[in-house]
Amino acid sequence: MKFMSSLDLKDRRLLLWSIAVAIGLAVLIGVVMPNENNNDNPMPSTYLSGQHGARAAYESLLRSGYNIERWERPLSELAATAGPNTVVIFARPFTRETEDINAVQQIVERGGRVLATGLWGGYLLPEGDVGTPKEFNFAACQLEAEGLDTLAGSGAVWMVPEATWQVGNPAHRTQYSCAAQPAVVEYNYARGHVVWLAGSTPLENGSLARAQNFDLLLNSIGPRDGHHFYWDESLHGDIKSEWGYVSGPTVTLLWIGMILLSVLIVFSFSRRSGPVRELSPPVRSTPIEFLEALGSLYRSAGASTTALTIAWERFRRYALRLCGLRQASVNAEELAAAIRRRFPNADPTLEADLAACESARLNEKIEPRSALKMIQLLHHHRQMLAQMAKTGGTPYPSATNGNTRNERPS
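Shown next, in the form of structure tokens:
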């Protein structure tokens, strides 16, 4: 019995060709269409199991007994029923709608707690004062604890910041920072509480188990008992921009065609398989040659005070960070007093050495040997502070009974 015997030969041939073309198009579309549930999708959605998804965090909260659910309806409905027991998580939301901003403000004013991440998450918050970072770094940064609240005691946290918080409001407490820029900010607003993260990295599948990232999430959303948690998915729509039209299977096929055309042109018109002659290797100085050149430059310019000022500023920032103080311009007396309060067993010569260094860096005619001696003093005190910070304020015996001030290199 022939296939489709009721059709003549031409009709059967046309039908078979149509089926073959349809199957070919289906396979091509399946290959070309992007898979949203892969590592290339940066959206921290609870439905995605890729590297940047947040499914692991959501399911971990469920298994830990948190009363949590996804929110996919308008935020105005959630704001109408919000109260002190409401906690909402906005993982990298995308909206600038006034209605959504007012809804978030209403949730916080009713006593709710809000956790938002990223640049757009900061725009969504009441009194949100976010901006783009001074320098973009696509590598993960280990945050430095800055605050004294419970959130700052979460432990080691890694994050890829995509925004920064403008410092200026004393009510906004910076709990963690990356490269001296706020990365985790916490503050109270009306009857509620707000926590902002510079990036969604601690919530993502690929980095949730790294260091204490999950502890940061738990401390950010607050206690479990007596609260209802909502993970917002209503603001995870398509990003609307002028470049949003330059996407999809058509553009992918266009790029493939251009690449094939370029390869064809290269193989059609190329006359040589390589360059006519080898390129000369670039001249690179070794590290020691660079240091010698930099030293001779300082020597010829008579810039000993510049080197001493750099060493002084680095020591000042390091000491203030160890003492848990805000970075500010302080003189030697104030800096020594702060260090002495934090480390009572510090070197007895600390005050005199800091005063001498401050006086020396203001002397534009200081000799290079004297400047070097001051820099070595600052380095010595920095090592002492680092040792005492590790031992809880008690210097090592080798640091107190070994080298004396007169035995340090000059």
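Counting along the sequence shown from 1, when you hit position 212 you're at 212 in the UniProt record's numbering, and nothing is skipped either side.
Even glycine gets a Cβ: it sits at the ideal position worked out from N, Cα and C.
Cβ neighbour criterion (16 or more within 10 Å) applied to residue i
i	result
S207	buried
S398	Annotation note: pLDDT 42 at S398 (below 50); position unreliable, no value reported.
W255	exposed
T81	exposed
K10	exposed
N345	exposed
N205	buried
D353	buried
M258	exposed
N219	buried
Q106	buried
S200	buried
P161	buried
F90	buried
N39	exposed
F214	buried
G168	exposed
E135	exposed
G50	buried
R288	Per the sequence shown, the amino acid found at residue 288 is Ile instead of Arg. Under this definition I288 is an exposed residue.
L297	exposed
Proximity winner among the options, relative to residue i (alpha-carbon distances)
i	options	result
G131	A355, G118, F229	G118
I310	M388, L78, N219, A371	A371
N331	K365, R361, L254, V263	R361
Q166	L378, H52, D129, R299	D129
S83	E278, I259, Y230, M374	Note that residue 83 is Gly in the sequence shown, not Ser. For the residues E278, I259, Y230, M374, the minimum Cα distance to G83 belongs to Y230.
D232	A26, L151, L325, A54	A54
S177	A140, P287, H193	A140
S359	M374, R70, A303	M374
T46	G24, L25, E69, L28	E69
W312	L377, P368, V266	L377
A163	G153, L151, A116, L48	A116
Whether residue i touches residue j by CB criterion (8 Å)
i	j	result
M43	R92	yes
A183	A171	no
L308	F94	no
V108	Y189	yes
I366	T306	no
A22	L203	no
R316	L335	yes
A319	L385	yes
H228	N67	yes
W196	G122	yes
A303	C323	no
E186	D225	no
V157	L253	no
Contact belief for residue i with residue j at Cβ below 8 Å, rounded distance in angstroms
i	j	result
T86	G112	4 Å
L78	D100	Not a contact, Cβ separation roughly 11 Å.
G155	T174	At roughly 17 Å, the Cβ-Cβ gap does not stay under 8 Å, so G155 and T174 are not in contact.
Neighbour flag for residue i against chain D, beta carbons, 8 Å
i	result
L297	Judged by its chain identifiers, the structure shown contains no chain D, having just a single protein chain.
Check: residue i C-beta below 7 Å from any heavy atom of the ligand MG
i	result
E204	In terms of ligand content, the structure shown is empty, and the ligand MG therefore cannot be addressed.
Inside the segment 42-80 only - beta strand (DSSP E) runs reaching at least 3 residues: At a cut-off of 3 residues, the continuous stretches assigned as beta strand (DSSP E) that sit fully inside the segment 42-80 are 68-71.
Minimum length 3: unbroken beta strand (DSSP E) runs contained in the segment 161-213: Unbroken beta strand (DSSP E) runs of no fewer than 3 residues, entirely contained in the segment 161-213, are found at 173-178, 181-189, 192-197, following chain order.
Every unbroken alpha helix (DSSP H) within the segment 301-325, with a cutoff of 4 residues, ordered by chain: If we require 4 residues or more, the alpha helix (DSSP H) runs fully inside the segment 301-325 come out as 304-322.
Complete runs of the beta strand (DSSP E) confined to the segment 100-133 [at least 3 residues]: Scanning the segment 100-133 from its first residue to its last, the whole beta strand (DSSP E) runs of 3-plus residues come out as 113-117.
Inside the segment 322-350 only - beta strand (DSSP E) runs reaching at least 3 residues: Counting whole runs of 3 or more residues, the segment 322-350 contains no beta strand (DSSP E) stretch at all.
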